[in-house]
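First comes the structure, then the notes that go with it.
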Amino acid sequence: MSGHLLSSIPFLPPCYLLTQLLLENNPLQVIAYWIHDFIQKHLQIEKESSSDSIASSQQQQSFDLLVGPQLLAYVIVSIFGYWATDYLIPAIKSYTLQKGICGKDLGKRGTKIADNDIPEALGIVPGAIFLICLTFCLVGYATSHPTKQLDLNSALLSVCFMLFLGFTDDVLDWPWRYKLVLPTVASLPLLCCYSGSTSIVVPIQLRSWLMQNGELTTFGRILCYFVVVDENANGSILNLGLWYLLYMGMLAVFCTNAINIYAGINGLEAGQAYVIGCAVLFHNLLEIQSGSDAKENHLFSAMIMLSFIGVTLGLLKHNWYPASVFVGDTFCYFAGMTFAVVGILGHFSKTLLLFFIPQVINFLYSTPQLFKLVPCPRHRLPKFNPHTGLMEPSTFECRSDQYTWLKRNINDTTVPNMTLINLMLQYLGPMNEKSLCIVLLGLQMMFCALGLLIRYKISSVFFDA
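As structure tokens, this is what we get:
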């Protein structure tokens, strides 16, 4: 199956909704009005009469509700982002090679191309193009949504900070302790301008633990020392306060590192980010189409996601098997912070985690190695068998009496590294690198679909309509 066909599959659902929203109104009429309004505001000296101002204000309010033309502008910027990324990567990679920012493809050991230098840190290209695209979008979006200017500026600041951190990590190879602390600092602009609710809805099945017969239970009274139980809502709402802000800060740290540790084969980092981006965009467009109260927040998220999908697809074209460039930590951090930005400022941080289920599984499964309870090699990516041409689970050595809880055969002196990639190879058997990437991205799409099912169908079992 060709790469072009595979890349179209995740984008088909949001593309269907996007087409419906774009055709809802005549975009040319709205664009003509925007041009006329811009000329009146910025190029004409004469002041409008009060009646003209009122009419213009009313017309502006009606056009602000037409999201189709705005989405059209963001789609055009997204196409520019794809083209610019695709065009610049071949040009920029020669500069990284000249400066020695390159590496070997460890998944090609034993082949003729094993010693070829592959340019690294090429995530800087889509990251820089993304910031340019977002700046273009900012001009139009901030004009029609002036209350979101602070959100836009904080989003740019956080993404720019992580892009810088990722590139310096590729060049200087920061220790892990910095990779955990600095994303926390980068998330502070998002948390400072967060103006949404810090409350959560308690599942119906758990409300009796907090209140019974209109009074707090013992557990509910203990809980009140840490959070606020809304007695007027009969225990159905918890105000977490600063704990909710702490959760969002940890979400930013998780998103930036989750993609980084779920990597190691050609196309996986950019591919998983592309699939998650399409899922987030689909969720945003569903909320916009349904006329949700949070329509403005989801339009803000859709604006960011369209540009992100464009530049990521341009990168994926060059990172797909066999990769001509490596995305580096630059892309992983920039992509993770972008998702954190839309989740926090779009006010759907809990839904966002549903699209990260494979990354959550990989993190939990990797925990013994990440926290040094089990030996953790520097590289845990699958190993390439040059005799069969297939990828196999990578391992670390140990004594026969060690880590028996991780072994299928107690007498083994090797244990597979604890990553989701190696786990799939253990159960599905060896496969070539391209097929392995397709399987993992298929798994990502399946879990994103499951996340949407939970959000829109299964959640009604646990929460009020």
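Note that the numbering used here gives residue 282 to position 282 of the sequence shown, counting from 1, and the numbers run on in steps of one. Idealized CB from N, CA, C, for every residue including glycine.
Taking Cβ to Cβ, would you say residue i is nearer than 8 angstroms to residue j?
{"i": "Ile237", "j": "Val202", "result": "yes"}
{"i": "Leu182", "j": "Gly328", "result": "no"}
{"i": "Val159", "j": "Met337", "result": "yes"}
{"i": "Leu285", "j": "Ser349", "result": "no"}
{"i": "Met391", "j": "Pro382", "result": "yes"}
{"i": "Pro393", "j": "Leu425", "result": "yes"}
{"i": "Leu315", "j": "Phe331", "result": "yes"}
{"i": "Ala340", "j": "Ser187", "result": "yes"}
{"i": "Ser7", "j": "Leu313", "result": "yes"}
{"i": "Leu150", "j": "Leu71", "result": "no"}
{"i": "Asp105", "j": "Ala323", "result": "yes"}
{"i": "Ser199", "j": "Leu240", "result": "yes"}
{"i": "Glu488", "j": "Gly103", "result": "Any question about residue 488 goes unanswered here, given that the chain covers just 1 to 465."}
{"i": "Tyr321", "j": "Cys448", "result": "no"}
{"i": "Leu268", "j": "Leu443", "result": "no"}
{"i": "Lys179", "j": "Asp169", "result": "yes"}
How is residue i classed by DSSP in three states: helix, strand or coil?
{"i": "Pro416", "result": "strand"}
{"i": "Pro189", "result": "helix"}
{"i": "Pro119", "result": "strand"}
{"i": "Leu440", "result": "helix"}
{"i": "Glu433", "result": "helix"}
{"i": "Gln212", "result": "strand"}
{"i": "Ser460", "result": "helix"}
{"i": "Ser324", "result": "coil"}
{"i": "Ile410", "result": "coil"}
{"i": "Val67", "result": "helix"}
{"i": "Val342", "result": "helix"}
{"i": "Phe8", "result": "It is Ser, not Phe, that sits at residue 8 in the sequence shown. Helix, per DSSP."}
{"i": "Glu48", "result": "Note that Glu48 scores 46 on pLDDT, short of 50, meaning its location in the model is unreliable; the coordinates nonetheless yield the value given after this. Coil, per DSSP."}
{"i": "Ser56", "result": "Note that Ser56 has pLDDT 46, beneath the 50 cutoff, so the model's placement of it is unreliable and the number below is only indicative. Three-state DSSP puts Ser56 in a helix."}
{"i": "Ser349", "result": "helix"}
{"i": "Ser199", "result": "strand"}
{"i": "Pro14", "result": "helix"}
{"i": "Ser62", "result": "Legend: pLDDT at Ser62 = 45, less than 50; position of this residue unreliable, no value from coordinates given."}
{"i": "Tyr403", "result": "coil"}
{"i": "Leu23", "result": "coil"}
{"i": "Thr467", "result": "Only positions 1 to 465 of the chain appear in the structure, and residue 467 is not among them; the question remains open."}
{"i": "Lys179", "result": "helix"}
{"i": "Tyr194", "result": "coil"}
{"i": "Phe356", "result": "coil"}
{"i": "Arg455", "result": "helix"}
{"i": "Lys99", "result": "coil"}
On the CB-based measure, 16 or more other CB atoms within 10 Å of its CB, does residue i come out buried or exposed?
{"i": "Asn417", "result": "buried"}
{"i": "Ala270", "result": "buried"}
{"i": "Lys317", "result": "buried"}
{"i": "Pro358", "result": "buried"}
{"i": "Pro13", "result": "buried"}
{"i": "Asp115", "result": "exposed"}
{"i": "Ser49", "result": "Here Ser49 scores only 45 on pLDDT, less than 50, and its place in the model should not be relied on; the value that follows carries that caveat. Ser49 should be labelled exposed."}
{"i": "Val139", "result": "exposed"}
{"i": "Met446", "result": "exposed"}
{"i": "Leu406", "result": "exposed"}
{"i": "His379", "result": "exposed"}
{"i": "Lys93", "result": "buried"}
{"i": "His4", "result": "exposed"}
{"i": "His298", "result": "buried"}
{"i": "Phe355", "result": "buried"}
{"i": "Tyr16", "result": "exposed"}
{"i": "Ser154", "result": "buried"}
{"i": "Glu433", "result": "buried"}
{"i": "Asp117", "result": "exposed"}
{"i": "Ser53", "result": "With a pLDDT of only 47 at Ser53, under the threshold of 50, the placement of this residue in the model should not be trusted; the figure read from the coordinates follows. By the 10 Å Cβ count, Ser53 comes out exposed."}
{"i": "Ile410", "result": "exposed"}
{"i": "His283", "result": "buried"}
{"i": "Gly249", "result": "buried"}
{"i": "Leu165", "result": "buried"}
{"i": "Ile89", "result": "buried"}
Is residue i near the ligand HEM, in the sense that its beta carbon is under 7 angstroms from a heavy atom of that ligand?
{"i": "Ile410", "result": "As for the ligand HEM, it is missing from this structure, which has no ligand bound."}
Original post:
Of all the alpha helix (DSSP H) runs that stay within the bounds of the region 223-271, which reach a length of 4 or more residues?
Top reply: Here the runs fully enclosed are 242-261.
**OP:** May I have a chain-ordered list of the alpha helix (DSSP H) segments no shorter than 4 residues that lie completely inside the region 363-397?
**Re:** Here no run is fully enclosed.
Original post:
Does the region 288-299 touch the region 220-232, meaning 3 or more C-beta pairs lie closer than 8 angstroms?
Top reply: By the Cβ criterion, the region 220-232 is not in contact with the region 288-299, since fewer than three pairs of Cβ atoms, one from each stretch, lie closer than 8 angstroms.
**OP:** Determine, using beta-carbon pairs with one atom in the region 123-134 and one in the region 276-287, whether at least three such pairs fall under 8 angstroms.
**Re:** Taking 8 angstroms as the limit for Cβ pairs, the verdict is that the region 276-287 does not touch the region 123-134.
Original post:
Can you find at least 3 beta carbon pairs, one from the region 324-338 and one from the region 228-242, that sit closer than 8 angstroms?
Top reply: The way I'd put it, the region 324-338 doesn't touch the region 228-242; fewer than three beta-carbon pairs between them come closer than 8 angstroms.
**OP:** Return the chain-ordered ranges of every alpha helix (DSSP H) run that is complete within the region 101-163 and spans a minimum of 4 residues.
**Re:** Those alpha helix (DSSP H) runs which fall completely within the region 101-163 and span 4+ residues are 124-144.
**OP:** Run through the region 268-322 for me and flag every whole beta strand (DSSP E) of 3 or more residues, listed as ranges in chain order.
**Re:** Here no run is fully enclosed.
Subject >> At least three beta-carbon pairs within less than 8 angstroms, the region 237-246 to the region 184-204 >> reply: With a cut-off of 8 angstroms, the region 184-204 and the region 237-246 count as touching, because enough Cβ pairs lie within range.
Subject >> the region 353-369 touching the region 414-430, judged by at least three CB pairs closer than 8 angstroms >> reply: Yes, they touch.
Original post:
When the Cβ atoms of the region 130-139 are set against those of the region 74-88, are three or more pairs found closer than 8 angstroms?
Top reply: Yes: the two stretches touch, three or more of their Cβ pairs being nearer than 8 angstroms.
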